[in-house]
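Input: a single structure, listed below in structure tokens.
Protein chains: 2
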Amino acid sequence: MIDAHRSSVAPTPTSGGSSASLPDSLPAAPLPAVRPSVALLTDRYELTMLQAALADGTAHRHCVFEVFTRRLPAGRRYGVLAGTGRVLEALPHFRFGDAELAYLERSGVVDDRTLDFLRGYRFTGTILGYAEGEIFFPGSPLLQVEGTFAEAVLLETLVLSILNYDSAVASAASRMTSAAVNRPVLEMGSRRAHEQAGVAAARAAVIAGFTGTSNLEAGFRYDLETIGTAAHSFTLLHDDEPAAFASQVASLGPGTSLLVDTYDVRRGVENAVAAAGTGLGGVRLDSGDLGVLAVEVRRQLDELGARDTKIVVTSDLDEHAIASLAAAPVDVYGVGTALVTGSGAPTCGMVYKLVARADATGVLQPVAKASAHKRSQGGRKVAARRYGPDGRAVEEVVVSGPDDRVVAWSPEDHASADRAPDAPADERGDLRPLLVPLVVDGAVDSRWVGGYGVQNAARHHRQARAELPRGARRLSSGDPAIPTVELTLD
Amino acid sequence: MIDAHRSSVAPTPTSGGSSASLPDSLPAAPLPAVRPSVALLTDRYELTMLQAALADGTAHRHCVFEVFTRRLPAGRRYGVLAGTGRVLEALPHFRFGDAELAYLERSGVVDDRTLDFLRGYRFTGTILGYAEGEIFFPGSPLLQVEGTFAEAVLLETLVLSILNYDSAVASAASRMTSAAVNRPVLEMGSRRAHEQAGVAAARAAVIAGFTGTSNLEAGFRYDLETIGTAAHSFTLLHDDEPAAFASQVASLGPGTSLLVDTYDVRRGVENAVAAAGTGLGGVRLDSGDLGVLAVEVRRQLDELGARDTKIVVTSDLDEHAIASLAAAPVDVYGVGTALVTGSGAPTCGMVYKLVARADATGVLQPVAKASAHKRSQGGRKVAARRYGPDGRAVEEVVVSGPDDRVVAWSPEDHASADRAPDAPADERGDLRPLLVPLVVDGAVDSRWVGGYGVQNAARHHRQARAELPRGARRLSSGDPAIPTVELTLD
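Line by line, the protein sequences are chains F and L. Going by the working numbering, the first residue of the first sequence is number 13, and it counts up by one from there. Going by the working numbering, the first residue of the second sequence is number 13, and it counts up by one from there.
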């Protein structure tokens, strides 16, 4: 049906004109769309720094790197950590195999000594971090990677890529599920994100309270509930709307959701109930003034006797649109673009900073950038969240000081040295430690990965969010929900 | 050094408290971080629509789907298409293998008939589209997928994911390289995007004129130039800055770029030239008032005799920051966050719409959503760009009408029926057809894939951008650079 040489089609790039700037030969068969090793998902400078450090001997200095963010996106009251499980899943695949090493060699990125090191690389250090799903604030030490410089520096880009994207999505998603109160929110944004990012976004959304996702790969990888209705193309494929609806109901049963806004919504609802009967599962509205339409459609469904048929709304929803529909008879929200792009904050500003390293005598010393801008606090931290007598969080405590004292610090010590030692403590204690072990001596704790890890994280998020102060979940701009307090040990 | 049971570390989630909502068993070994099949990077509804259409016989109707966007991001004057080559690279991997089919079966997504169809699925249709790197406007028919409903509908999510993300990045990147005029711009944003999105972003950036990327996987996959300097952690790893600089120069040579803002910039520049000599390749500034600092550092470098040492600036640059540094003695820009997040527009609003399908007698009929909102024009389109006598684009012509006439339409026909037939035509003709064949009967044209495809696309983008009207490259908000004109054939 298509003639590739028809005149309305432009010639291919090398069939005419100069090809002087193009290679002489066509490429060999392209690489697979994805590759098993994640080791090259890395900035070049990590490998060249490694080369220099291997040459001068500092590569083997013991180091602690910390991930944190200096600020929340403008007006946001809290962030939600997501991606930790994906970091742990990726870690065993951070290996330099023949293909990776051959590339590094032929492109001259690093020298032979470094290639030898990379050939044997595996992470043997220890990683602590906030639990996935945890709430965070500026300065929260979200991940702590401890090992030699050589093994820890290589993870910088991969760790940040995962945590920055996944947490941006989870942070937006948590506002959406807050706004929806008890109505389910479904993730449908894959098409508005990089194809692999869509999978991560679905996972992060579920951690922050979404009920399911349209993304099948996410369903497969993480045992998530997958959901879906139908597209306008399905209706348009058929001779008319009744034929399309009859086909969908015949194939998927009356419990399916029918998309009723291809032609005329009122007619669409009529056709839908005619096709499925009053047991129709749902109708989807994907355009128009959803608040007004939902009222009209609810009334029409009720009049037709389809009182249990749910109304699913989609169409560029974000947390504000969800909140504005609170009084409308909407049963389910489907969210796409705003979810996968972090609703205005498509990445977190997390950084991966060296905070302590051994000196020439092997003693761990705090280090920090010291010029005027982007200062940060040197030294390893631990963190805890303080709760008031009503069980709600009141502050984030970030503890720094001499490394041995920080490592040994316990919330009980702090409680005993509390600024208000006679304050009543609620039954769950007034300080909750926030760092958990994720990788110990290179061994990944499998409770954080796969579908199990997602359920863990979702449960953790529900609980941590419920403990925020009243008002922390408002959508309006404001300061962080609780202040971060630095506690410096002597 | 770390005691996982120390008191400042929280217990793992199942070591205390209720685990009632968690599965009984820990997960088996996690899936690899990425998988070879891309077939599940798909919204569930595509498979359930397929199931219904297979059952009613419409799955085999011949269809044309088109990708287009209804509008550009607010104030943008043009978009840049990127991702086409990645779509073509992914296509051979869109296969349902045993793992994918077993998942679909056990999760009950589709019935046995559909599983059988999916087992044999490969795309055998034809895809035309704008050349990768092409400029586009609202309504431009960017990709046209033709085949049976069954084979074309399955590609919706994957195609949109790739084009929406990659084009968002390329559209932002083109503004950045415009703002930089002839200074090189380097891509350093991997850490602020999903780890696989970072690879795609690097590729899209190079298409839009970036010189190189820090991302090694992108270098590997697409033969891109990789670049890098050093991180603050490298300086902090060493006992002092002179030791760090000496190590980097010893390992990487004096042509390396040294990061001079860890402690004090003036001292850093001194130390840098002391370590590398006046042949030092570059210094990088990553914080502070870059315009002021660049002037001071340039003067200092010149006084020290390092007249050829380049100044590389990074630190949350976007196109506006780049433009504001036009008068500063900056040699190279490094861009991260703003690039990979589309500089305020992290996704394009591209949609994948059924525009024509065969009726029961096999005749192709135009179709379109007809309700009040999100209307679109039915029927297959072709497109061409009209040029004025000065060789600059004046309008985007989108041709629709009876399918046989649209397919047969040629720019020459239109030129002869031109509204100003006596206008002087420049030597390259006044209408340039915009659709090129990408896949013909399932066979991918390999000139669009791999590193070769990226070079093609980058060259195409340079040329297409150079032909825009004067003013089209301004950064200020405005209308699309040229209007889109619909030409409807009888």
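Think of the CB as a built atom: it goes at the ideal place given N, C-alpha and C, for glycine as much as any other residue.
{"Query": "6 Å CB neighbourhood of A216/F in its chain, flanking five on each side removed", "Result": "A94, D178, V181, A182"}
{"Query": "Classification of W421/F by the beta-carbon crowding that lies within 10 angstroms, buried from 16 upward", "Result": "buried"}
{"Query": "Range of the contiguous alpha helix (DSSP H) that encloses G462/F", "Result": "462 to 478"}
{"Query": "Residues that DSSP places opposite N227/L in a beta bridge", "Result": "D55/F"}
{"Query": "Any chain F beta carbon closer than 7 Å to D430/L", "Result": "Low confidence applies here, because D430/L scores a pLDDT of 46, under 50, leaving its location unreliable and the question unanswered by this model."}
{"Query": "Option nearest V21/F by Cα separation, candidates D502/L, L443/L, L499/L", "Result": "L443/L"}
{"Query": "Limits of the alpha helix (DSSP H) - the one that F246/F falls within", "Result": "244 to 249"}
{"Query": "Secondary structure of L270/F, DSSP reduced to three states", "Result": "strand"}
{"Query": "Among I494/L, L501/L, Q63/L, A243/L, nearest to G265/F - alpha-carbon criterion", "Result": "Q63/L"}
{"Query": "Close-in-space but distant-in-sequence residues of the same chain around A192/L (CB under 7 Å, 5 per side omitted)", "Result": "I334, Y345"}
{"Query": "With 16 other Cβ atoms within 10 Å as the buried cut-off, status of E498/F", "Result": "exposed"}
{"Query": "is_contact[D68/F, chain L] using C-beta, thresh 7 Å", "Result": "yes"}
{"Query": "Neighbour flag for E439/L against chain F, beta carbons, 7 Å", "Result": "Caution is warranted here: a pLDDT of 44 is assigned to E439/L, below 50, making its placement in the model unreliable, and no coordinate value can be reported."}
{"Query": "Near-chain L residues of the segment 244 to 255 of chain F - C-beta to any C-beta below 9 Å", "Result": "H244, S245, F246, T247, L248, L249, H250, D251, A255"}
{"Query": "Cβ-based neighbour list, D438/F, same chain, cut-off 7 Å, excluding 5 preceding and 5 following", "Result": "In this predicted model, D438/F has a pLDDT of only 44, less than 50, meaning its place in the structure is not dependable enough to derive any value."}
{"Query": "Secondary structure of A284/F, DSSP reduced to three states", "Result": "helix"}
{"Query": "Closer than 7 Å to chain L by CB, Y57/F", "Result": "yes"}
{"Query": "K322/F at chain L interface by Cβ criterion, 7 Å", "Result": "no"}
{"Query": "Beta-carbon proximity of I323/L to A339/L, cut-off 7 Å", "Result": "no"}
{"Query": "Length-filtered (4 minimum) alpha helix (DSSP H) runs lying within the segment 341 to 369 of chain L", "Result": "349 to 352"}
{"Query": "Start-end ranges of the beta strand (DSSP E) lying completely within the segment 389 to 429 of chain F, minimum 3 residues", "Result": "394 to 399, 405 to 412"}
{"Query": "Short CB-CB distance (under 7 Å) between H206/L and chain F", "Result": "yes"}
{"Query": "Environment of T136/L [buried if 16+ CB atoms lie within 10 Å]", "Result": "exposed"}
{"Query": "Beta-carbon neighbours of M61/L, restricted to chain F and to distances below 7 Å", "Result": "A242, A243, F246"}
{"Query": "Simplified DSSP state of Y142/F, which is helix, strand or coil", "Result": "strand"}
{"Query": "Classification of N283/L by the beta-carbon crowding that lies within 10 angstroms, buried from 16 upward", "Result": "buried"}
{"Query": "Members of the segment 158 to 175 of chain L that neighbour chain F once the beta carbon cut-off is set at 8 Å", "Result": "E158, F161, V165, E168, T169, L170, L172, S173, I174"}
{"Query": "Where the alpha helix (DSSP H) containing V165/F begins and where it ends", "Result": "161 to 165"}
{"Query": "Per-residue contacts from V342/L into chain F (C-beta, under 7 Å)", "Result": "What V342/L touches in chain F: nothing, since even the nearest Cβ is about 17 Å away."}
{"Query": "Within chain F, partners of T238/L - CB distance below 8 Å", "Result": "R56, S119, V121"}
{"Query": "Chain L contacts made by the segment 180 to 207 of chain F, where a contact means CB separation under 8 Å", "Result": "M200, S202, R203, R204, A205, H206, E207"}
{"Query": "Given S489/L as reference, the closest of A86/L, N468/L, G97/L once Cα atoms are compared", "Result": "A86/L"}
{"Query": "Reference R88/L, options F148/L, Y142/L, A470/L, closest by Cα", "Result": "F148/L"}
{"Query": "Length of the line joining the Cα atoms of A242/F and L249/F", "Result": "12 Å"}
{"Query": "R47/L in three-state terms, based on DSSP", "Result": "coil"}
{"Query": "DSSP three-state assignment for G317/L, whether helix, strand or coil", "Result": "coil"}
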